[in-house]
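Residue numbers (the UniProt record's numbering): 1 to 488.
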């Protein structure tokens, strides 16, 4: 039988990996600026007329931050991702074009026009590299940014801005139609499965957040901020796993519950769903129940709760809306728990091994065998897979790569730093699409491994499945301590 590793090698990065890469790129323009979004959300919650401390002077910050500051930050970040500081400047200038003259927040416009402007500048720089007369470098560099930025700003003002405004308006009308026809809970059929495939940031910040910000500008709150971020479904699934899951996994669940619900790092529960894929039905049911409750109670938030923890929810809940918002979380958790408990058969048959494939030191070290061996005969071992190899004592840096490099990877970095720094190994967290070119050892979740290998082909990429107490962590530590081989 062909091994899982061989199948992945033959198939290469599939459609899911490509979608993840695109979504992660969109989210990568938002995530570094989450602090600014939180600042806007807090100012909105406090000082608008319906806020906790209504203040006309302070409330005057709300619209300029939403309409200008946040899109410019997104454009600056998007340009920087493509072409460094020069790309950041031209991206911000181009974004100003889509900001002016539109009535909706231009998050999507910034995500479109800024990377294009930076890419054009990058191509120009490559074209003139080595051809500029000595002494004219600064002149050419500055005027290229100025001319291209001005042109893209004009294009944004005349074409991109109105187009994005029309698209945003149409999307908002579509959401209104779903709400009017009581169909908005059906969105969970798409959102919840996509979340456990690590598309959560792309869905929330790239799609729902953009439409939600426009709704806040008009209605003062939006339930779209609660669709992907609701911690209830994950809490319900983890509770069911604690009571009825495989006994070998139950000790890891309490820590995961705290990290998920209070810390807001939802990625912590994704591996539990992937271990038992049928649990995605519980996530869908919980998500739909939470959205339906939001519709019934007319609940909404003022900004994206980032991270999606209980504390972040309470911070961006409008005055008088806490009961409805908390009810959305509780109902989602209860429904997800009920479905997950039933799908786990209330613990019956859960004392055996986990059915999902596990990455263990023994499994990774076992030789693969060729297909076609006759029954009763010893199969001929496959040759060792080609790929990067490291000796443990040559490792000086471990790169922990996750979706955005700000949530689960930071958490893992803290755990592993305590274990590895005494052995002289530095541990750092990055986004999977920003792995340093000189990285030699990368640790990432199995679902992100294809992208990690594509972005760091010369590095040894070690996969893990569980964010807590995964055998891969022990394998890395043992290899470093005992100078064993690590293979990609």
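Even glycine gets a Cβ: it sits at the ideal position worked out from N, Cα and C.
Judged by beta-carbon spacing, residue 401 lies within the 8 Å limit of residue 452, meaning their Cβ atoms are closer than that value. At a cut-off of 3 residues, the continuous stretches assigned as beta strand (DSSP E) that sit fully inside the stretch 426-482 are 426-431, 441-445, 460-464. Here residue 396 is near residue 425, since their CB atoms are less than 8 Å apart.
If you ignore the 5 residues before and after residue 318, its C-beta comes within less than 8 Å of the C-beta of 45, 50, 51, 220, 221, 300, 301, 302, all in its own chain and listed in chain order. For residue 401, the enclosing beta strand (DSSP E) stretches over residues 397-402. Your pair residue 25 and residue 433 checks out as a contact, with CB atoms roughly 7 Å apart and the cut at 8 Å. Distance from the CA of residue 30 to the CA of residue 207, rounded to the nearest whole angstrom, comes to 11 Å. The Cβ-Cβ distance between residue 307 and residue 255 does not fall below 8 Å.
Cα atoms of residue 464 and residue 476: separation of roughly 11 Å, rounded to the nearest angstrom. The three-state secondary structure of residue 391, taken from DSSP, is strand. Judged by DSSP in its simplified three-state form, residue 485 adopts strand. Taken in chain order, the whole alpha helix (DSSP H) runs of length 4 or more contained in the stretch 193-268 are 200-203, 209-219, 232-244, 253-261. Close CB contacts of residue 161 within its chain, under the 8 Å cut and outside five residues either way in sequence, are with 97, 98, 99, 100, 101, 102, 106, 109 (chain order).
Within the model, the alpha-carbon separation for residue 193 versus residue 92 is close to 34 Å. Using a C-beta cut-off of 8 Å, the stretch 113-122 makes no contact with the stretch 132-139, since fewer than three inter-stretch Cβ pairs fall below that distance. With 16 or more neighbouring CB atoms inside 10 Å of its own CB, residue 225 falls in the buried class. DSSP places residue 412 within a helical segment (H, G or I) once states are collapsed to three. Per DSSP, the unbroken alpha helix (DSSP H) holding residue 40 starts and ends at 34-47. Its chain contains 306 as the residues whose beta carbon lies nearer than 6 Å to that of residue 34, once the 5 sequence neighbours on both sides are disregarded; these appear in chain order. Nearest in C-alpha terms to residue 429, of all of 443, 163, 167, is 443.
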